[in-house]
Structure formats: structure tokens, C-alpha cells
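Take a look at the structure below.
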Amino acid sequence: MNRLWFRITVSFSLLTFTLLVFLWFFVASVSENAFKQMTGEHLYENAQLVAQLIETSDLEGGSEDLQERIALFREPVSMRFTIIGTDGEVLADSENAPGTMENHGERPEVQEVLEENQEFGESIRFSETEETEMMYVASPIYNAEGIINGIIRTSYPLHNIEDTMVVFWRGLAVFLAIILLIAAVAASILARSITRPVSDIIGVTKRLSGKDYSSRVHTKVSGEIGELAASVNDLATNLQNQMRALHENEQQLSTILSNMVSGVMLINQEGRILMINSAMEKFLGQHNQYIVGHDYRDVEDNLGLREGIAAVFRENEKLQKEITAGEMTKKVFDAHFGPYYGNGWKQRGVIIVLHDITDIKRLENMRSDFVANVSHELKTPITSVKGFSETLLSGEVTDEETRRSFLQIIYDESERIDRLIRDLLHLSRIENKVSPLNVQDVDLVKLIHTITNTMTKAISEKNLEVTLPPSTETVTIEGDPDRLNQILLNLIANAITYTGEGGSIRVSIEITSSNVRISVSDTGIGIPEEYIPRVFERFYRVDKARSRNSGGTGLGLAIVKHLVESHKGKIELDSVEGEGTTFTVIFPLVQ
Numbered sequence: 001m002n003r004l005w006f007r008i009t010v011s012f013s014l015l016t017f018t019l020l021v022f023l024w025f026f027v028a029s030v031s032e033n034a035f036k037q038m039t040g041e042h043l044y045e046n047a048q049l050v051a052q053l054i055e056t057s058d059l060e061g062g063s064e065d066l067q068e069r070i071a072l073f074r075e076p077v078s079m080r081f082t083i084i085g086t087d088g089e090v091l092a093d094s095e096n097a098p099g100t101m102e103n104h105g106e107r108p109e110v111q112e113v114l115e116e117n118q119e120f121g122e123s124i125r126f127s128e129t130e131e132t133e134m135m136y137v138a139s140p141i142y143n144a145e146g147i148i149n150g151i152i153r154t155s156y157p158l159h160n161i162e163d164t165m166v167v168f169w170r171g172l173a174v175f176l177a178i179i180l181l182i183a184a185v186a187a188s189i190l191a192r193s194i195t196r197p198v199s200d201i202i203g204v205t206k207r208l209s210g211k212d213y214s215s216r217v218h219t220k221v222s223g224e225i226g227e228l229a230a231s232v233n234d235l236a237t238n239l240q241n242q243m244r245a246l247h248e249n250e251q252q253l254s255t256i257l258s259n260m261v262s263g264v265m266l267i268n269q270e271g272r273i274l275m276i277n278s279a280m281e282k283f284l285g286q287h288n289q290y291i292v293g294h295d296y297r298d299v300e301d302n303l304g305l306r307e308g309i310a311a312v313f314r315e316n317e318k319l320q321k322e323i324t325a326g327e328m329t330k331k332v333f334d335a336h337f338g339p340y341y342g343n344g345w346k347q348r349g350v351i352i353v354l355h356d357i358t359d360i361k362r363l364e365n366m367r368s369d370f371v372a373n374v375s376h377e378l379k380t381p382i383t384s385v386k387g388f389s390e391t392l393l394s395g396e397v398t399d400e401e402t403r404r405s406f407l408q409i410i411y412d413e414s415e416r417i418d419r420l421i422r423d424l425l426h427l428s429r430i431e432n433k434v435s436p437l438n439v440q441d442v443d444l445v446k447l448i449h450t451i452t453n454t455m456t457k458a459i460s461e462k463n464l465e466v467t468l469p470p471s472t473e474t475v476t477i478e479g480d481p482d483r484l485n486q487i488l489l490n491l492i493a494n495a496i497t498y499t500g501e502g503g504s505i506r507v508s509i510e511i512t513s514s515n516v517r518i519s520v521s522d523t524g525i526g527i528p529e530e531y532i533p534r535v536f537e538r539f540y541r542v543d544k545a546r547s548r549n550s551g552g553t554g555l556g557l558a559i560v561k562h563l564v565e566s567h568k569g570k571i572e573l574d575s576v577e578g579e580g581t582t583f584t585v586i587f588p589l590v591q
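In UniProt numbering, the protein residues as written are 1 to 591.
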């Protein structure tokens with residue numbers, strides 16, 4: 001902006017200087033012409049004055065008195081006077097002797113008077129007598145009859161005029177130089193007043209281009225520059241508002257993308273990955289810095305996305321497929337590939353959205369397994385009921401003891417079907433929270449002893465060693481007594497069922513500031529590590545033959561898990577195959 005100020009100042013100064021130079025030449029020319037004109041008029045006036053003082057007889061006689069009289073005018077007026085006859089002969093001269101001077105009849109100023117009958121004659125030429133440039137003015141001398149009797153010529157050296165003009169030009173030059181200096185200072189001040197706000201405006205626009213949208217023009221100016229400053233401020237305000245809105249939208253979009261459970265990836269037309277969200281990072285198993293900015297063909301592809309991306313680039317159409325990844329986790333994804341477009345519906349890249357449907361697939365498998373298990377659990381007793389019923393109806397069984405045995409089997413299988421249906425209905429009610437908790441204060445120690453007493457026979461038959469919390473202790477929590485009874489009954493019954501003869505069972509209680517931990521440990525057959533994650537699934541049995549022989553429905557632990565969760569608790573399992581199993585239930589003291 002300093003260069004603009006300098007250019008304005010120099011340009012204005014040069015323009016002023018050019019105008020002053022023209023003015024100087026014009027004034028000098030006019031002044032010189034005016035001075036010459038004034039000199040000519042002065043010469044003419046002096047010629048007229050001298051002509052009046054000269055007598056006609058002096059002209060006719062050419063006496064020496066004429067020369068003497070002319071010589072008297074030399075000093076006072078600093079002019080040269082010459083009396084010329086009508087024949088051109090010099091009669092008298094204030095500077096030189098007339099006899100030494102040549103005939104002046106051919107002089108231009110003399111001819112203008114004598115031949116052209118003008119009132120006066122004037123010319124400027126070099127004088128060989130004076131050896132300088134001279135101005136000559138000739139005026140006629142009339143006799144009493146009005147006839148030209150002679151000519152009086154006055155002359156003045158031009159170097160005197162030039163000396164005077166040099167002094168005048170110097171004064172004029174000094175005056176114009178002062179004007180030029182004043183004009184340059186004024187131009188500088190004016191340029192400053194113009195460029196300062198313009199410089200501020202340029203500074204603001206640079207800061208705006210540098211994304212500093214809070215910058216404003218604070219210079220107070222009027223006119224068009226003031227309007228420009230106001231427009232820039234309005235532009236900055238609008239940009240700030242728009243960028244704030246864009247930033248908020250970007251933040252919202254970023255928040256939405258980062259919190260999406262679906263993975264999102266954006267790829268530009270050159271194949272470079274522009275963006276991924278945190279879910280996609282998790283699915284790909286790589287950090288953002290190793291993915292964003294890289295070509296999708298160079299990034300490790302553990303999900304098999306390259307083929308779908310290439311297909312969208314090639315065919316410019318949407319694509320959907322199911323992807324299974326991971327040897328251990330067996331993750332399943334519903335992958336959607338589609339093009340995204342810019343202005344004019346020109347394809348700008350590919351967008352990929354991955355939905356993790358592993359849980360959905362697992363639920364579908366569980367549902368299929370559930371239907372298959374229910375069908376299987378119902379098929380066995382129903383087959384038995386049907387078979388023995390047909391045998392009885394055929395009348396082939398005549399022995400009363402055999403008939404009674406068949407009827408007992410039919411009854412037992414019916415009971416088994418009834419238990420299965422009741423357990424299913426009970427589990428459904430728990431899952432759907434149809435029956436709310438009947439919260440009361442429950443003494444856990446008393447409840448454990450009561451449950452164990454009901455199983456004395458089974459414990460004695462296997463000669464099991466059972467360790468319980470001392471009956472003298474009291475541990476009270478808030479809960480539904482019936483459901484807590486069902487939880488502990490299932491866990492203790494399972495421990496008895498899967499513990500071999502002569503084994504041991506231990507039930508312990510540990511209290512913390514807010515929770516109570518109830519552990520049921522046994523020295524039974526244990527559970528293989530790979531089966532532990534599925535123990536709480538419906539109908540899942542580690543030892544299917546033994547479970548069915550024990551009369552179980554396969555829903556006990558599933559019911560226990562849901563009953564524990566309904567009390568805002570959690571259940572943990574620790575088991576070693578061949579050594580034993582420990583179930584730990586954690587309940588809050590207060591619901």
C-alpha cells in the first residue's frame with residue numbers, strides 16, 4: 001500500500017510539474033512579448049517626444065546643433081536616438097558620428113514609414129554598430145504643412161530585455177517551485193488519506209482470506225471509500241455468520257458420524273479415502289492416520305471392500321452385499337456401496353456404509369435354535385406319550401403292572417411337557433417385565449438354609465459335603481423373595497446335579513458398601529472353556545444326555561440370568577473342566 005501512496009504522490013506531482021512547466025513557458029512567453037511590446041511603445045513615445053523637440057530647420061540645415069541636441073538624450077533615457085532624412089541619410093545619432101554611418105534607407109522600420117506610410121515602423125535585428133540584438137522603432141517627423149520631413153528612430157538593446165526577463169524567469173521559477181512543493185505535500189496528504197483506509201480494507205480482506213472472520217475495518221471515512229469499508233464489514237459479518245453456521249453443521253455432522261454405530265467411509269474420484277468415522281476405524285481395526293489420505297487399494301482390507309468400491313467406480317450404480325469377517329469373532333456386516341455426486345450430477349467418488357448385523361444374525365440363529373430346541377424338547381415326550389397311548393389303546397397290554405408302568409411314563413412325560421411350557425411362559429414374562437418385582441427385605445442366609453433343607457435327600461444320596469454361611473448371621477437385601485428363591489434354587493440344584501458322589505458344594509456371601517456377592521461353588525464336572533459364553537442361552541446343555549436324564553428343560557440358567565438382571569444385578573461364571581464351577585451373583589443392597 002506504501003507503493004500506491006508513492007505512485008499517487010509521484011503521479012500527482014508529475015502532473016502538477018508538467019502543468020507548471022507549461023504555465024512557466026506560457027507566462028514567460030507572454031511576459032516577454034508584453035515586455036517587448038511595452039519597450040516598443042516606450043521607444044515610440046520617446047521618439048514622439050524627441051520629434052516635437054526637433055525643429056524642421058534643424059533637419060534641413062543638418063547643423064551640428066542637431067547632433068549635439070540628440071546627444072543630450074543619451075544618458076537620461078538609456079536609449080539610442082537616430083535622425084534620418086527622407087533619403088535615408090543619417091543626420092544625427094546619439095551614440096555615433098553621423099558621417100561614419102551608412103545610409104539607413106533600406107532599414108525595415110524606415111521603409112515601413114517612408115514607403116508604406118505607416119504611423120511607425122518597428123523591427124528587431126542585430127546591429128553591427130552596437131554589435132548586439134536591438135529593437136528599432138521609427139516615427140515620422142512632419143513639417144508645418146504635414147509633410148514628412150525626416151524620421152526619428154529610437155532603439156534599445158535586447159540584452160537589457162533578456163537580462164530583465166532572466167530575473168523575471170528566476171522569480172517565476174522560484175514561485176512555481178514553491179507551488180510544486182505545496183502541491184506535492186498536498187498530494188502526499190491526499191494520497192495518505194486515500195490509501196490509509198484502502199490499506200486497512202486490504203488488511204481486513206487478507207485476514208478474512210486467512211479465516212480470521214472477526215476482523216473489521218475501523219477507519220472512519222466518508223464517500224465511496226466509506227461505502228467500500230461498510231461493504232467489506234458487511235461481507236465479513238456475513239462470512240462470519242456463514243462460517244459459524246458451517247462450523248456448527250460440521251460439528252453436528254461430525255458428532256453424528258462419530259456416534260453412529262454404522263461405519264462410514266468416503267472415497268474421492270481418484271480413489272483416495274477422504275473420511276472415515278470411529279465405527280469404521282473399529283471395523284477395519286486400523287487407526288484413522290493409516291487410512292485417511294491413502295488410496296483405498298493401498299490400505300489393508302480385512303473386510304473385502306475393494307471389490308465393491310471398484311464395482312461402483314466401474315458401473316456407477318449402488319451395490320449391497322453381506323460381508324463376513326474375522327476368524328474368531330465371525331463379524332457379519334451389511335455393506336452398502338454407492339456413488340456420490342457433485343454439481344451437474346458428476347460422480348465425485350464412492351460412499352460406503354457398513355452395518356454390524358452380527359447380533360441380528362446371532363439372534364436369528366438363536367431363534368432358529370430356539371424353535372429347533374423347543375421342537376426337539378417337545379418331540380421326545382410327545383413321541384413317548386403317543387407311542388404308549390397307542391399301545392394301551394390297542395388292547396394288547398393285559399398285564400396290570402405293565403399298563404400302570406405305561407401310564408406312569410405317559411404321566412411323567414406330560415409333566416415334563418408341562419414344566420417346559422411353564423418355564424417358557426415364565427421366561428417370557430420375565431423378559432417382557434409383565435410381572436413387576438415384589439420388593440421386600442429378604443434374609444439371604446435364612447433363604448439359603450431353607451433351600452438347602454429341601455434338597456437334603458439329594459445331598460445325602462450323593463454323600464455331598466455342603467458348606468453354608470453360619471445360620472447365626474443375617475444378611476438382608478431388598479428383592480423379590482420368590483424370584484431370589486428361584487435364582488438360588490436353580491444354582492444350588494445345578495451344583496448338586498453336576499457334582500459327583502463324595503464331592504463338595506460351598507455357598508458363601510460377601511458384603512461390600514453397596515453390593516452383596518453370593519457364590520455357589522462345586523467340585524463337579526466343570527464346563528469346557530469354549531462352552532462358557534453359551535451357558536446362559538435357552539436349551540443350551542453342555543452334557544445333553546445327562547441334563548435330559550435329570551429332567552431339566554435347559555431353561556434354568558436363562559431364567560436365572562433374567563431374574564438377576566431384573567434385580568439390577570449381574571451373574572458371573574468361573575469354571576475349569578474336571579475341577580468344578582463357581583457361579584457368582586452380585587445384587588445391590590437397595591433396589
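Ideal Cβ placement from N, Cα and C applies to all residues, glycine included. Quick caveat: nothing in here was measured; it's all calculated off a predicted structure.
A distance below 7 Å separates the beta carbons of V590 and E478.
Pairwise C-beta distances place the stretch 235-251 out of contact with the stretch 277-294, as fewer than three of them are shorter than 8 Å. Remark: C-beta atoms of S139 and F120 approach each other more closely than 7 Å. In the three-state scheme derived from DSSP, where H, G and I count as helix and E and B as strand, L91 is classed as strand. G293 and H218 have their C-alpha atoms some 42 Å from each other. For F120, there is no enclosing alpha helix (DSSP H), as DSSP marks it with neither H nor E. A Cβ-Cβ contact shorter than 7 Å links I586 with N515. Between P197 and A236 the beta-carbon gap is near 15 Å, outside 8 Å, which marks them as no contact.
Under the three-pair Cβ rule at 8 Å, the stretch 105-113 does not count as touching the stretch 19-27. The C-beta distance from M135 to I151 rounds to 16 Å, too long to meet the 8 Å contact threshold. Close CB contacts of S513 within its chain, under the 6 Å cut and outside five residues either way in sequence, are absent. For E227, no beta strand (DSSP E) encloses it; the enclosing alpha helix (DSSP H) starts and ends at 223-259. H104 and G171 have their C-alpha atoms roughly 40 Å apart. Closest by C-alpha distance to T391, out of T380, F406, I382, is F406. The alpha carbon of E162 has as its nearest neighbour, out of E364, N33, F333, the alpha carbon of N33.
Distance check between N259 and each of S127, N277, L266 places N277 closest, using alpha-carbon atoms only. A distance of 7 Å or more separates the beta carbons of R272 and D298.
Checking the DSSP bridge columns, you'll see M135 partnered with I124, Y156.
Burial of K561 is indicated by the presence of at least 16 other C-beta atoms within 10 angstroms of its C-beta. Per DSSP, reduced to three states, the secondary structure at P436 is coil, with no helix or strand assignment. Residue pairing by DSSP places E106 in no beta bridge whatsoever. Nearest in C-alpha terms to D212, of all of N233, V442, I559, I194, is N233. Here Y498 carries a coil assignment [DSSP, helix/strand/coil].
Per DSSP, the unbroken alpha helix (DSSP H) holding H449 starts and ends at 444-454. Taking the C-beta atoms as reference points, G569 is found no nearer than 7 Å to T523.
The beta carbon of Q440 sits closer than 8 Å to the beta carbons of E478, G479, D480, P481 from its chain, once the five residues preceding and following it are set aside; these are given in chain order. Judged by beta-carbon spacing, P339 lies within the 7 Å limit of N316, meaning their Cβ atoms are closer than that value. In the three-state reduction of the DSSP assignment, V299 falls in the coil class. Boundaries of the alpha helix (DSSP H) harbouring A279: 278-284, taken from the DSSP string. Here T82 is buried. Its C-beta has 16 or more other C-beta atoms within 10 Å.
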